[in-house]
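A.B. asks: For reference, the structure I am asking about is given below.
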Amino acid sequence: MATKVLVLGGGSGGLVAANKVKKLLGREVEVTLVDKNAYHEFMPAYPWVAFGMREPEQVRRPLANLEKRGIQYLQAMVEALDPANNKVRTSAGELAYDYLIVSLGAEPLPSPAQDSYAPWSLEGALKLREALKNFKGGRVVVGVSSPYYPCPPAPYEVAGQVEFALKVKGIRDRSTVEVFHLNPLPLAGMGPVISGKVMEILKSKGISFHGEFEPVAFEGGKVKAKDGRELPYDLLILTPPFAPNRVVRESPLAGPQGFPEVHKSTFRSTKFPNVFVIGDTVNPSLMLPPAGVVAHFQGEYVAGVIASDLKGAYIGEPFNPVAMCIMDFGDNALLPQCSFERLLAGTGMPSCGVMAVGKWVRVTKMLFEGFWFATLIE
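When the letters of the sequence shown are read in order and numbered with our numbering, they come out as residues 262 to 639.
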């Protein structure tokens, strides 16, 4: 009888894990992926939708395509986890498993600013596109509402892209673009080299950066900081706050802060050895960035760990504790890379550097979009 592998979540980590398990084990496993959405979406392209470079259909593919790869797909809400009995309750009924891979992501919370835009979903991207259509110039402010949000570079990318969009619209000369963040410098956790390069690009585009800016109120067209600073705006682009996934934090997997407790070397639950947790569902508690590339590497590695269990031994891909992200600023791009090996080992800070800078780097991101869909879901 085939071993049942259940994957919760059709984002980057879940999609990679499901494909890799099936590729490694074939008929030995019955792989089912559960997601509430009908589509897998290439999340890095959301801002491209906001700024007119892509349409929604171009940045997503039906999860039902997985059936062609021998992976069962079930569109349903995950309602509760019962790891003691190897079961998951969903809106479509109860599912049993031999192995469970949880990649449900983080849970977005309501924005503290009702008049803000958040182009980090298809819906949010389309709303910002509509707002830009009618924007005649003014003060644009981009910022974060909390320290925890997916894709740390996202606010800086969007600030650069909106600045370029204002140039294209011919209203840059009557507009300002400003960025605020809780950190003292852009991407401060990645070290001075990357922070310095991002600051250099922002300055070259005339974008002001306000560090150590902790927002406490959004009212009267102003963002107010804890220290008394204020930023007036005509257009506010804001990352919403996020929390550990509700289903997971209310399950037996959860640790004291709501994040599941896993072994750092295998991402296997410390309480239930046939359960693995990857991606934004767990990474903040491991001091790993909430980024798709990290979930991707985790998905590949966890598939290999399951293969090792079933084969007796399998030396596949080691977990690559590296995050790289092509930051698209509209008319420029940056490719930083960080290794989190020392951080995971508790021996030091991330080791980071800049791999490439220039307009041509944007093309690489566009090529990767096509490669991603072709290898995983088409």
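Backbone N, C-alpha and C define an ideal beta-carbon position, used for all residues, glycine too.
May I have a chain-ordered list of the beta strand (DSSP E) segments no shorter than 3 residues that lie completely inside the region 382 to 468?
C.D. replies: Within the region 382 to 468, the complete beta strand (DSSP E) runs of at least 3 residues are 400 to 405, 437 to 441.
A.B. asks: Since residue 613 sits in a beta bridge, which residues does DSSP pair it with?
C.D. replies: Answer is 599, bridged to residue 613.
A.B. asks: Less than 6 Å between C-beta atoms, sequence neighbours within five positions excluded: which residues of the same chain meet that for residue 611?
C.D. replies: Excluding sequence neighbours, residue 611 sits near 599, 601, 604.
A.B. asks: Cβ atoms of residue 506 and residue 365: under 7 Å apart, would you say?
C.D. replies: Their beta carbons are under 7 Å apart, which means residue 365 touches residue 506 by this criterion.
A.B. asks: Can you give me the Cβ contacts of residue 280 inside the same chain, cut-off strictly under 6 Å, excluding the 5 residues immediately before and after it?
C.D. replies: For residue 280, where only same-chain residues beyond five positions count, the Cβ hits under 6 Å are 637.
A.B. asks: Could you tell me which residues DSSP pairs with residue 296 in its beta bridges?
C.D. replies: DSSP lists 336 as partners of residue 296.
A.B. asks: Let me check you understand the geometry: is the CB of residue 461 closer than 6 Å to at least one non-hydrogen atom of the ligand COA?
C.D. replies: Looking for the ligand COA in the displayed structure turns up nothing, as the structure carries no ligands at all.
A.B. asks: Identify, in the order they occur along the chain, each residue of the same chain with its Cβ nearer than 8 Å to the Cβ of residue 264, setting aside the five sequence neighbours on each side.
C.D. replies: The residues are 286, 289, 290, 291, 359, 360, 571.
A.B. asks: Between which residues of its own chain and residue 325 is the CB-CB distance below 6 Å, once the five residues before and five after are set aside?
C.D. replies: Within the same chain, residue 325 has close Cβ partners 334.
A.B. asks: Based on Cα-Cα distance, which residue from 495, 454, 493 lies nearest to residue 615?
C.D. replies: That would be 454, whose Cα lies nearest to the Cα of residue 615.
A.B. asks: If you run the structure through DSSP and keep just helix, strand and coil, what is residue 585?
C.D. replies: Residue 585: strand per DSSP, three-state reduction.
A.B. asks: Just verifying my parser: in three-state terms, what is the DSSP assignment at residue 481?
C.D. replies: Note: residue 481 maps to coil in three-state DSSP.
A.B. asks: Just how far apart, CA to CA, sit residue 532 and residue 380?
C.D. replies: About 37 Å.
A.B. asks: Would you report the Cα separation of residue 315 and residue 305, rounded to the nearest angstrom?
C.D. replies: Taking the straight line from one Cα to the other gives about 11 Å.
A.B. asks: Within the same chain, show all residues whose beta-carbon is closer than 6 Å to that of residue 269, passing over the 5 residues directly before and after it, in chain order.
C.D. replies: Counting only Cβ-Cβ distances below 6 Å, and skipping sequence neighbours, we find 295, 339, 363, 365.
A.B. asks: Determine the extent of the alpha helix (DSSP H) in which residue 628 is found, giving its start and end residues.
C.D. replies: Where residue 628 is concerned, the enclosing alpha helix (DSSP H) stretches over 621 to 637.
A.B. asks: Just curious, the alpha helix (DSSP H) that residue 576 is in, first and last residue?
C.D. replies: From DSSP, residue 576 is part of no alpha helix (DSSP H); its letter is neither H nor E.
A.B. asks: What are the start and end residues of the alpha helix (DSSP H) that includes residue 276?
C.D. replies: Residue 276 -> alpha helix (DSSP H) spans 273 to 286.
A.B. asks: Any idea what DSSP makes of residue 494, helix, strand or coil?
C.D. replies: Correct three-state label for residue 494: coil.
A.B. asks: Please state whether DSSP places residue 557 in a helix, a strand or coil.
C.D. replies: Residue 557 falls in the helix class under three-state DSSP.
A.B. asks: Span of the beta strand (DSSP E) holding residue 357?
C.D. replies: Element bounds for residue 357: 354 to 357.
A.B. asks: Residues in the same chain with beta-carbon distance under 6 Å from residue 566, minus the five sequence neighbours each way, listed in chain order, please.
C.D. replies: Taken in chain order, the residues that qualify are 527.
A.B. asks: Looking at the structure shown, is residue 539 part of a helix, part of a strand, or coil, going by DSSP?
C.D. replies: Residue 539: coil per DSSP, three-state reduction.
A.B. asks: Would you kindly work out how many angstroms separate the C-alpha atoms of residue 580 and residue 459, rounded to a whole number?
C.D. replies: Approximately 28 Å between the Cα atoms of the pair.
A.B. asks: Extract the residue ranges of the alpha helix (DSSP H) inside the region 302 to 333, only unbroken runs of 4 or more that lie entirely within it.
C.D. replies: The region 302 to 333 contains these whole alpha helix (DSSP H) runs: 307 to 311.
A.B. asks: Please work out which residues of its chain come closer than 6 Å, Cβ to Cβ, to residue 522, disregarding the five sequence neighbours upstream and downstream, and give them in chain order.
C.D. replies: Answer for residue 522: 516, 531, listed in chain order.
A.B. asks: Considering only C-alpha positions, which residue in the set 278, 576, 272 is nearest to residue 537?
C.D. replies: The option with the nearest alpha carbon to residue 537 is 278.
A.B. asks: Can you check whether the C-beta of residue 277 is within less than 7 Å of a C-beta belonging to chain B?
C.D. replies: Protein chains in the displayed structure number just one, and chain B is not present.
A.B. asks: Three or more C-beta pairs under 8 Å: does that hold for the region 482 to 492 against the region 383 to 397?
C.D. replies: Segments in contact, no.
A.B. asks: Would you decide whether residue 632 is buried or exposed? Buried here means 16 or more other CB atoms lie within 10 Å of its CB.
C.D. replies: Label assigned to residue 632: exposed.
A.B. asks: Starting from the Cα of residue 496, find the closest Cα among 399, 384, 267 and give me that residue.
C.D. replies: Residue 399 is the option with its Cα nearest to residue 496.
A.B. asks: Is residue 605 helix, strand or coil by DSSP?
C.D. replies: The answer is helix: DSSP assigns residue 605 an H, G or I state.
A.B. asks: Who are the Cβ neighbours of residue 374 in its own chain at under 7 Å, not counting the five residues just before and after it?
C.D. replies: Here the set comprises 479, 497, 499.
A.B. asks: Identify whether residue 289 lies in helix, strand or coil by the three-state DSSP scheme.
C.D. replies: Residue 289: helix per DSSP, three-state reduction.
A.B. asks: Take residue 284 as the anchor and find which of 330, 556, 367, 415 has the nearest alpha-carbon.
C.D. replies: Of 330, 556, 367, 415, the residue nearest in Cα terms is 330.
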